[in-house]
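Remarks on the structure that follows.
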Amino acid sequence: MNKETFAQWLKTNSDLKEYSIGRYAYAIDTLTSELDSYGLPEANLFDISDTAFIDTILNNQEFQRKNKKGNRMYSTALKHFKKYMEFYYKEYQIELLKEEMDYEKNIVRNLIKEKVKIVDKKREKPTYRTVNNKKIWSRNSRHASEVVAAANNLCEFDNEHRHFTSKFNQKNYVEAHHLIPMKYQDQFDCSLDVHANIVSICLVCHKKIHFGLFEDKKEILDKLFDNRRERLKASGIEVVIDEFYGYYQK
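Per our numbering, the very first residue in the sequence shown carries number 1; after that it's consecutive.
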């Protein structure tokens, strides 16, 4: 998201005049620079994905004082911006979900009969497609299947985590997870879709990593990262533990 795409969205999806569109687009920039003065965390509003933060600004007393002086222009701009965010991320999330479902389906289909000798080395970035100016990186489902096979279809956090048998391969059901999420691919000059960055984990650990509180999943992250640290380096992925934690605290 950026000021230009917001302005274009307003032009397409509202009856606002050009002058008002320009004012509202610039108002978001102004508010970005003033968040600290409202006692709110500093952030570029064009980079956030949680519309609840817009409500936080609208309910902030310092903001409301400024807004009143500006004849409520800033609150109007934020309400338009919130609708823009909802539109922008809805389409992106739909495409992301489709990609995830296809990826998981292909992992199941890739039945690995023999373990493959895995060599950790630096690889070029994968390709991507763009949805609403956001990148969706391609992933090779075979890499994930090979990691799961190498782990004997066990959870790499705790081998005793055995919840049920998969009907597709009659083995313990596990899922593949990218330790450093693919959405951070742009921060690296090499591929994150490599064996070293993929782990085999049970569905409970997987859900906890994605949806649990940081303090609840930290033990899992610590063990998985420690086990993969040297392999990640061999694959050209240099990350210190605090950076790694940061990927799961956002």
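Even for Gly, the Cβ is constructed at its ideal location relative to N, Cα and C.
Practice problem: Could you round the C-beta distance between Leu-224 and Phe-157 to whole angstroms and report it? I think they count as a contact, below 8 Å. | Solution: Residue numbering aside, residue 224 sits at position 224 when the sequence shown is read from its first letter. Residue numbering aside, residue 157 sits at position 157 when the sequence shown is read from its first letter. Confirmed, about 6 Å.
Practice problem: Using alpha carbons as the reference points, say which of Arg-23, Lys-69, Lys-207 and Tyr-128 lies closest to Cys-155. | Solution: On the sequence shown, position 155 is the one that residue 155 refers to. Out of Arg-23, Lys-69, Lys-207 and Tyr-128, Lys-207 has the C-alpha closest to the C-alpha of Cys-155.
Practice problem: Taking the CB atoms as reference points, tell me whether Val-147 and Ser-200 lie closer together than 8 Å. | Solution: The residue labelled residue 147 in the question sits at position 147 within the sequence shown. The residue labelled residue 200 in the question sits at position 200 within the sequence shown. Against a cut-off of 8 Å, the Cβ pair of Ser-200 and Val-147 comes out as a contact.
Quiz prompt | Unbroken alpha helix (DSSP H) run spanning Glu-219, endpoints | solution = What you label residue 219 is simply residue 219 of the sequence shown in a count that begins at 1. Counting along the chain, the alpha helix (DSSP H) containing Glu-219 begins and ends at 214 to 234.
Practice problem: Enumerate in chain order the residues of its own chain whose CB-to-CB distance from Ile-209 is below 8 Å, with the five nearest sequence positions on each side excluded. | Solution: Here residue 209 refers to the residue found at position 209 of the sequence shown. Excluding sequence neighbours, Ile-209 sits near His-177, Ile-201, Lys-217, Ile-220, Leu-221 and Tyr-248.
Exercise. Please name the residue, chosen from Lys-134, Asn-227, Glu-175 and Tyr-38, that lies closest to Ser-49 on a Cα-to-Cα basis.
Key: Taking the sequence shown and counting its residues from 1, the one referred to as residue 49 is at position 49. Distance from the Cα of Ser-49 is smallest, within the candidate group Lys-134, Asn-227, Glu-175 and Tyr-38, for Lys-134.
Practice problem: Counting only the same chain and skipping the five closest in sequence on each side, list residues whose C-beta sits under 8 Å from that of Ile-198. | Solution: Position 198 of the sequence shown, counting from 1, holds the residue named residue 198. Result list for Ile-198: His-143, Ala-144, Val-147, Ala-176, His-177, His-178 and Leu-179, in chain order.
Quiz item: With which residues is Ile-57 paired in a DSSP beta bridge?
Solution: Residue mapping note: residue 57 aligns to position 57 of the sequence shown, counting from 1. DSSP lists no partner for Ile-57.
Quiz item: Distance, Cα to Cα, Asp-189 vs Arg-72?
Solution: The count along the sequence shown starts at 1 and reaches residue 189 at position 189. The count along the sequence shown starts at 1 and reaches residue 72 at position 72. Asp-189 and Arg-72: Cα-Cα distance of roughly 45 Å.
Quiz item: Do you know how far the Cα of Ile-237 is from the Cα of Asn-2?
Solution: Residue numbering aside, residue 2 sits at position 2 when the sequence shown is read from its first letter. Residue numbering aside, residue 237 sits at position 237 when the sequence shown is read from its first letter. Approximately 29 Å, taken between the alpha carbons.
Quiz item: Alpha carbon to alpha carbon, what distance is there between Arg-162 and Trp-9?
Solution: Against the sequence shown, residue 9 aligns to sequence position 9. Against the sequence shown, residue 162 aligns to sequence position 162. In a straight line, the C-alpha of Trp-9 is about 49 Å away from that of Arg-162.
Self-check item: For Tyr-173, the three-state DSSP class (helix, strand or coil)
Solution: Translated into the one-based positions of the sequence shown, residue 173 becomes position 173. Of the three classes helix, strand and coil, the one that applies to Tyr-173 here is coil, per DSSP.
Exercise. Pull up the DSSP beta-bridge partners for Arg-129, would you.
Key: Here residue 129 is taken as the residue at index 129 of the sequence shown, counted from 1. The partner list for Arg-129 (beta bridge, DSSP) reads Ile-136.
Quiz prompt | Where Ser-49 falls: helix, strand or coil (DSSP) | solution = Counting from one through the sequence shown, the residue named residue 49 turns up at place 49. Residue state, collapsed to three classes: coil.
Quiz item: Mind checking Leu-213: buried by the 16 CB within 10 Å criterion, or exposed?
Solution: Numbered from 1 along the sequence shown, position 213 holds the residue referred to as residue 213. Burial call: exposed.
Quiz item: Can you tell which of Gln-185, Asn-152 and Asp-186 has the C-alpha that lies nearest to the C-alpha of Gln-170?
Solution: Within the sequence shown, residue 170 is the residue found at index 170, counting from 1. Among Gln-185, Asn-152 and Asp-186, the Cα nearest to that of Gln-170 is on Asn-152.
Quiz item: Does the segment 11 to 23 come within contact of the segment 33 to 48, defined as at least 3 CB pairs closer than 8 Å?
Solution: no
Quiz item: Between the Cα of Asp-242 and the Cα atoms of Ala-234, Thr-130, Val-194 and Asp-226, which residue gives the shortest distance?
Solution: Counting from 1 along the sequence shown, the entry for residue 242 is found at position 242. Considering only alpha carbons, the answer is Asp-226.
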